[in-house]
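Visitor: Okay, here's the structure, questions in a sec.
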Amino acid sequence: MKFLCLHGMGTSAQIFKAQMAPITAKFEGLHEFVYVDGVIECEAADGVGSIFPGPYLCYYNLPTHSLVSAAHDFIHNIMNEDGPFDGVIGFSQGAALASSMMLQRAKEDPYAPPLFRLAIFAGASLPYNLDDRERQSKYEAEISETPASKTRNESSLDSTHGAPEPQAESADFEPRAFPSVPAESEEPFLGRYHPDSEMETVRITAPTLHLIGRSDQFGSQAILLTQLCGGALTIVHHNAGHELPNEGTFVRRATAAMEGLIHGVTFYM
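In terms of UniProt numbering, the sequence shown opens at residue 1 and continues consecutively.
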């Protein structure tokens, strides 16, 4: 299989490759992983600058329609030039971008196959909705930076075909999610998809794997994303924050879950 790999804000393709290495090591020679740099320079993500050299990149530095739409177009061009891709792996902003594109495809052509046959979302934040230019969704106020460990149904730590419900708490998400840019923007910010939204009922139908940190400040958004996924669903938690730890138990569970996801798509779909 061939995977498109999208990094988080304030990192890069090479940094994401290093972050994924403990998990992808088992798949060397079996599958191809294509890591794509964002096109906008920004500040380094927390904890990254002291470990990895720049440049530090993102796919969009403000969640406006023009910038997020341009990011969609950029990735579609990569897919046309370097694809086809069977799956996508995204961390943080990369996961939000990939899921936004998959939901947009499902809206525009509901009878077409999913944009990717499978998706792996790590440390995800909720995707932005290109059709919600004025942040119409009343659920914006519910999106918090609450760690996943503070959500309900915490007993479901490693599960399949189900997701815990998030603890909704009001909190602003701008500009902290975009610390390298000013809060002011002439263009309104987009609203995010939310599983309880009456505006959008579209779902990601491809099988998905979600890697979520119990101490991730965006963990509640990652759990909400699981509820936007209507296909076969697997969740693997780890004890760290907004990162991909190289701790042995998590790596083994994540690798096994990824292996199962690939096997299911290859032999049963």
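Here a beta-carbon is modelled for each residue, glycine too, at the ideal position from N, C-alpha and C.
Since this is a predicted model, take the numbers as computed values, not measurements.
Could you tell me whether the Cβ atoms of residue 272 and F116 are closer together than 8 Å?
Guide: Summary: the structure shown does not reach residue 272, with the chain confined to residues 1 through 269, and so no result is reported for it.
Visitor: Would you kindly work out how many angstroms separate the C-alpha atoms of I262 and E28, rounded to a whole number?
Guide: 14 Å
Visitor: To the nearest angstrom, how far is it from the Cα of F250 to the Cα of S220?
Guide: Cα to Cα, the separation comes out at about 19 Å.
Visitor: Counting pairs of Cβ atoms below 8 Å between the stretch 110 to 127 and the stretch 215 to 232, do you hit three or more?
Guide: yes
Visitor: Give me the Cα-Cα distance between A119 and A95, rounded to the nearest whole angstrom.
Guide: 9 Å
Visitor: For Y59, is the classification buried or exposed, using 16 other Cβ atoms within 10 angstroms of its Cβ as the cut-off for buried?
Guide: buried
Visitor: How should I51 be labelled, buried or exposed, when 16 other C-beta atoms within 10 angstroms of its C-beta is the threshold for buried?
Guide: exposed
Visitor: Hey, out of R214, Y56 and E259, whose CA is closest to V36's CA?
Guide: Y56
Visitor: What are the residues that DSSP puts in a beta bridge with G213?
Guide: H238
Visitor: Quick check on the DSSP output: what are the complete beta strand (DSSP E) runs of length 3 or more inside the stretch 25 to 52, in order along the chain?
Guide: 32 to 36
Visitor: Per DSSP, what kind of secondary structure is I208 in: helix, strand or coil?
Guide: The question names Ile, yet the displayed sequence has Thr at residue 208. DSSP, reduced to helix, strand and coil, places T208 within a strand of the structure shown.
Visitor: Assuming contact is defined by CB atoms lying nearer than 8 Å, are A98 and R105 in contact in what I supplied?
Guide: no
Visitor: Can you name the start and end residues of the alpha helix (DSSP H) that A254 belongs to?
Guide: G248 to Y268
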